[in-house]
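Under the numbering used here, think of the first position of the sequence shown as 19, with each following residue one higher.
By construction, the Cβ of each residue, glycine as well, lies at the ideal position given by its N, Cα and C atoms.
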Amino acid sequence: MADAGTQDSTLDRDQPTLKRVIGPGLLLLFVVGDILGTGVYALTGKVAAQVGGAVWLPFLVAFVVALLTAFSYLELVTKYPRAAGAALYTHKAFGVHFLTFMVTFAVMCSGLTSASSASKAFAGNFAEAFDLSIGEGLGLTAVAIGFMTLIALINFRGVGESVKLNVLLTCVELTGLLIVICIGAWALGGGEGDPSRLVEFNSPPGETAFFSVTAATALAFFAMVGFEDSVNMAEETKDPVRIFPKVMLTGLCITGLIYVLVAVSAIALVSPEDLSEGDAPLLKVVEAGAPAFPLTVFAFITMFAVANSALINMLMASRLLYGMANERVLPRVLGRVHPTRRTPWVGIVFTTLVAFGLIWFADLTALGGTTALLLLCVFTIVNVAVLVLRRDRVEHKHFRAPTAIPVIGAVACAYLASPLSGRATADYRVAGVLLVIGVVLWAITYLTRARHTG
Numbered sequence: 019m020a021d022a023g024t025q026d027s028t029l030d031r032d033q034p035t036l037k038r039v040i041g042p043g044l045l046l047l048f049v050v051g052d053i054l055g056t057g058v059y060a061l062t063g064k065v066a067a068q069v070g071g072a073v074w075l076p077f078l079v080a081f082v083v084a085l086l087t088a089f090s091y092l093e094l095v096t097k098y099p100r101a102a103g104a105a106l107y108t109h110k111a112f113g114v115h116f117l118t119f120m121v122t123f124a125v126m127c128s129g130l131t132s133a134s135s136a137s138k139a140f141a142g143n144f145a146e147a148f149d150l151s152i153g154e155g156l157g158l159t160a161v162a163i164g165f166m167t168l169i170a171l172i173n174f175r176g177v178g179e180s181v182k183l184n185v186l187l188t189c190v191e192l193t194g195l196l197i198v199i200c201i202g203a204w205a206l207g208g209g210e211g212d213p214s215r216l217v218e219f220n221s222p223p224g225e226t227a228f229f230s231v232t233a234a235t236a237l238a239f240f241a242m243v244g245f246e247d248s249v250n251m252a253e254e255t256k257d258p259v260r261i262f263p264k265v266m267l268t269g270l271c272i273t274g275l276i277y278v279l280v281a282v283s284a285i286a287l288v289s290p291e292d293l294s295e296g297d298a299p300l301l302k303v304v305e306a307g308a309p310a311f312p313l314t315v316f317a318f319i320t321m322f323a324v325a326n327s328a329l330i331n332m333l334m335a336s337r338l339l340y341g342m343a344n345e346r347v348l349p350r351v352l353g354r355v356h357p358t359r360r361t362p363w364v365g366i367v368f369t370t371l372v373a374f375g376l377i378w379f380a381d382l383t384a385l386g387g388t389t390a391l392l393l394l395c396v397f398t399i400v401n402v403a404v405l406v407l408r409r410d411r412v413e414h415k416h417f418r419a420p421t422a423i424p425v426i427g428a429v430a431c432a433y434l435a436s437p438l439s440g441r442a443t444a445d446y447r448v449a450g451v452l453l454v455i456g457v458v459l460w461a462i463t464y465l466t467r468a469r470h471t472g
């Protein structure tokens, strides 16, 4: 394994660097767009099913836990402003190839499963928006794979084009959520809805309200993930040490506020029982609060929202592979940059092929909770890593989080990842299968490197 102090030597002298094109505005929209996406459009009803009318509370708790972890990410990304994110920090802090590989694999899986499920959601909304009868099998799969191919082409063309498209899609999905918030405010102002639901807890028999909230938070946390993807764009950001702290914290606060307001609007207009049925909870909110609003328009907005999630997750996955290939934790070929487009083309091809496999073979219905589980485990490691890396000094000034914050963040993330939080057993089964596959891939990589160095 390459020593952490000589990481720059892992780059080929004739290897082009990534192009720095992302300023504060684009980065803010990237963070906001990545956090919003599929989660808030699909999970509000499922969270309501677990906690009842106080559906806003799990989103608020998830925001606080994400904010704690964001401070750790900010210290590390300003200290080491390069692509690869959590995997790079794990590599530097612990120097254990197996642990670094598994963190890399877990983060990549979370991005690819999220993007693949977003592609399937896009296909379903596409069929509904255009009133197509393409069935649930091959037709929807073909649309999803075609959509993922388009995402790959945009990703390959360049980060400038990708992030600019993200600006458009983020504006569309923000518009959809603002519509829900405005409809809720208008309806409540007119005396409609039932605000008393906001303080109602619907705990299962034998469970306390605290346990219901933590169980719902374990699910709601999936809607808060995404901010960590932005650190993988560090090498393509202008002056990342200066702009990352302000932009990431601003983006998190914006999305946290939007989530709480959407949850309040939703539960005031639709009962928890009705909200939890089906896969389009916000569509029910629009229908209940503004029956005259064209629902087809909102279906298009939802389609663009999940498209944004797919684009950003595929950007993250390819940049993660690029960064770790240059740290020699993954095969160097995955770090190849196209000489003209200056994008990590091998990483893009690899992650797209994996996504094709997930779309074709996997049932991703239960993977939302698994994605949150994997990332909570990764966040626990990152919060510990920031404390370990305090001993590693760098020459430039960087953001420093108060020591208590990563400690509290590590405990909170570990708790939400544990069975104590009330997390569904299916999450652990799916995560276990994915991690076993990761162990097999690590063994193959390790043996290949050993044979080449031997």
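Is THR358 helix, strand or coil when you go by DSSP? Translated into positions along the sequence shown, residue 358 becomes position 340. In this structure, THR358 counts as coil in the three-state DSSP scheme.
Exercise. Would you mind working out which of GLY142, VAL50, ASN344, LEU333 sits nearest THR369, comparing C-alpha positions?
Key: Within the sequence shown, the letter at position 351 stands for residue 369. Residue LEU333 is the option with its Cα nearest to THR369.
Taking just the CA atoms, how far does GLY209 sit from GLY129? Residue mapping note: residue 129 aligns to position 111 of the sequence shown, counting from 1. Residue mapping note: residue 209 aligns to position 191 of the sequence shown, counting from 1. So the alpha carbons of these two residues sit roughly 42 Å apart.
Close-in-space but distant-in-sequence residues of the same chain around MET242 (CB under 7 Å, 5 per side omitted): Translated into the one-based positions of the sequence shown, residue 242 becomes position 224. These residues qualify, in order along the chain: ILE53, ALA80, PHE81, ALA84.
Where ASP445 falls, given that 16 or more other Cβ within 10 Å makes a residue buried: Within the sequence shown, residue 445 is the residue found at index 427, counting from 1. Buried is the call here.
Given a cut-off of 8 Å, decide if SER439 and THR226 are closer than it, judged by their beta-carbon atoms.
-> The count along the sequence shown starts at 1 and reaches residue 226 at position 208. The count along the sequence shown starts at 1 and reaches residue 439 at position 421. Taking 8 Å as the Cβ cut-off, THR226 and SER439 do not qualify as a contacting pair.
Pull up the CB-CB distance for SER524 and GLY176, whole angstroms please, since I reckon it's below 8 Å. Missing from the structure shown is residue 524; the chain here goes from 19 to 472 and no further.
ask   = How many Å lie between ARG408 and TYR98 at the Cα?
value = To locate residue 408, count along the sequence shown from 1; it is residue 390. To locate residue 98, count along the sequence shown from 1; it is residue 80. Their Cα atoms are separated by approximately 12 Å.
- Task: Count the CB pairs spanning the segment 263-278 and the segment 119-134 that are closer than 8 Å, and state whether there are at least three.
- Result: no
(message) Let's see if you can read the secondary structure: which residues bound the alpha helix (DSSP H) around ASP220?
(response) Numbered from its first residue, the sequence shown carries residue 220 at position 202. For the sequence presented, residue 220 should be read as Asn rather than Asp. No alpha helix (DSSP H) holds ASN220; DSSP gives it neither H nor E.
- Item | Euclidean distance between Cα positions of SER436 and THR358 | In the sequence shown, counting from the first residue as 1, residue 436 sits at position 418. In the sequence shown, counting from the first residue as 1, residue 358 sits at position 340. Between SER436 and THR358, the C-alpha separation is close to 46 Å.
Going by other Cβ atoms of all chains shown within 10 Å of its Cβ, with 16 needed for buried, is LEU237 buried or exposed? Mapped onto the sequence shown, residue 237 falls at position 219. The residue in question, LEU237, is buried, as its Cβ has 16 or more Cβ neighbours within 10 Å.
inquiry  = So, with DSSP's three-state summary, where would you put THR443?
reply    = As a working note, residue 443 is residue 425 in the sequence shown. Note: THR443 maps to helix in three-state DSSP.
Problem set entry | Where TRP122 sits in the DSSP three-state scheme | The sequence position of residue 122 within the sequence shown is 104, counting from 1. The question names Trp, yet the displayed sequence has Thr at residue 122. If DSSP states are grouped into helix, strand and coil, THR122 belongs with the helices.
Margin query: Does the structure place the segment 276-293 close enough to the segment 103-119 that three or more beta carbon pairs sit under 8 Å?
Written below: no
query = Apart from the five residues just before and just after VAL412, which ones in its own chain have a Cβ nearer than 8 Å to its Cβ?
reply = For the purposes of this step, residue 412 is taken as the residue at position 394 of the sequence shown. The residues are LYS97, TYR98.
Neighbourhood of ALA66 by C-beta distance below 7 Å, restricted to the same chain and skipping five residues each side: Walking along the sequence shown from the start, residue 66 turns up at place 48. Around ALA66: VAL73, ILE285, PRO290, LEU293, SER294.
Item to complete: Compute the distance between the beta-carbons of LEU75 and GLY386, then report whether it is under 8 Å.
Response: As a first step, residue 75 must be located in the sequence shown, where it is residue number 57. As a first step, residue 386 must be located in the sequence shown, where it is residue number 368. The answer is no: Cβ separation not under 8 Å.
Item to check | Sub-8 Å separation of GLY194 and ILE319 beta-carbons | outcome: Working through the sequence shown from its first residue, we reach residue 194 at position 176. Working through the sequence shown from its first residue, we reach residue 319 at position 301. Yes.
* To do: Ignoring anything shorter than 4 residues or poking outside the segment 384-456, list the alpha helix (DSSP H) runs there in chain order.
  => 385-406, 422-435
Beta-carbon separation of ALA449 and THR388 under 8 Å?
Within the sequence shown, the letter at position 431 stands for residue 449. Within the sequence shown, the letter at position 370 stands for residue 388. Yes; because the gap between Cβ atoms is below 8 Å, this pair is in contact.
Let me check understanding here. Comparing Cα to Cα, which of VAL404, GLY427, ILE426, ALA428 lies closest to PHE417?
Taking the sequence shown and counting its residues from 1, one reaches residue 417 at position 399. Of the candidates VAL404, GLY427, ILE426, ALA428, the one whose C-alpha sits nearest the C-alpha of PHE417 is VAL404.
| field | Simplified DSSP state of LEU29, which is helix, strand or coil | value | As a first step, residue 29 is located in the sequence shown; it is residue number 11 there, counting from the start. Bear in mind that the predicted position of LEU29 carries a pLDDT of just 41, short of 50, making it unreliable; the figure below should be weighed with that in mind. In this structure, LEU29 counts as coil in the three-state DSSP scheme.
Label VAL69 either buried or exposed according to how many other C-beta atoms from any shown protein chain fall within 10 Å of its C-beta, with 16 as the threshold for buried. As a position in the sequence shown, residue 69 is number 51, starting the count at 1. Buried is the call here.
Residue nearest to LEU171 in terms of C-alpha spacing, selected from LEU371, PRO424, LEU158 = Along the sequence shown, read from residue 1 onward, the residue named residue 171 stands at position 153. When only C-alpha atoms are compared, the closest one is LEU371.
Looking at THR361: is its Cβ nearer than 8 Å to the Cβ of PHE119? Residue numbering aside, residue 361 sits at position 343 when the sequence shown is read from its first letter. Residue numbering aside, residue 119 sits at position 101 when the sequence shown is read from its first letter. Against a cut-off of 8 Å, the Cβ pair of PHE119 and THR361 comes out as no contact.
How big is the Cα-Cα spacing for VAL355 and SER336? As a working note, residue 355 is residue 337 in the sequence shown. As a working note, residue 336 is residue 318 in the sequence shown. If you take the alpha carbons of VAL355 and SER336, they lie about 11 Å apart.
Item to complete: For the alpha helix (DSSP H) holding SER230, just list the boundary residues, first then last.
Response: For the purposes of this step, residue 230 is taken as the residue at position 212 of the sequence shown. It spans 227-238 - the alpha helix (DSSP H) in which SER230 sits, taken as one unbroken run.
- Task: Please specify which runs of the alpha helix (DSSP H), each continuous and at least 4 residues long, are wholly inside the segment 68-95, giving them in chain order.
- Result: none
Assuming the contact rule is C-beta atoms closer than 8 Å, THR235 and LEU434 should be a hit. Round their C-beta distance to whole Å, please. Numbered from its first residue, the sequence shown carries residue 235 at position 217. Numbered from its first residue, the sequence shown carries residue 434 at position 416. That pair is a contact at about 6 Å.
Could you say which of VAL351, TRP378, PHE374, GLY375 lies nearest to GLY365 if we only look at CA atoms?
-> Position 347 of the sequence shown holds residue 365. Checking every option, the nearest Cα to that of GLY365 belongs to VAL351.
Item to complete: Within the same chain, show all residues whose beta-carbon is closer than 7 Å to that of LEU45, passing over the 5 residues directly before and after it, in chain order.
Response: Mapped onto the sequence shown, residue 45 falls at position 27. The answer, listed in chain order, is SER248, THR255, ILE261, VAL265.
*Beta-bridge partners of ILE40, as assigned by DSSP*: Counted from its first residue, the sequence shown places residue 40 at position 22. THR255.
How would you label PRO299, buried or exposed, when you count the other beta carbons within 10 angstroms and need 16 or more for buried? On the sequence shown, residue 299 is found 281 positions in, with the first residue counted as 1. Answer is buried; the Cβ neighbour count reaches 16.
Relative to the C-alpha of VAL425, which candidate in THR87, LYS64, LEU94, ALA325 has its C-alpha closest? Residue 425 sits at position 407 when you count from the first residue of the sequence shown. The option with the nearest alpha carbon to VAL425 is THR87.
Near CYS395, what residues of its chain come up, given a Cβ to Cβ distance below 7 Å and the 5 sequence neighbours on each side ignored?
Position 377 of the sequence shown, counted from the start, is the residue given in the question as residue 395. Once the five neighbours on either side are set aside, the close Cβ partners of CYS395 are ALA124, ALA435.
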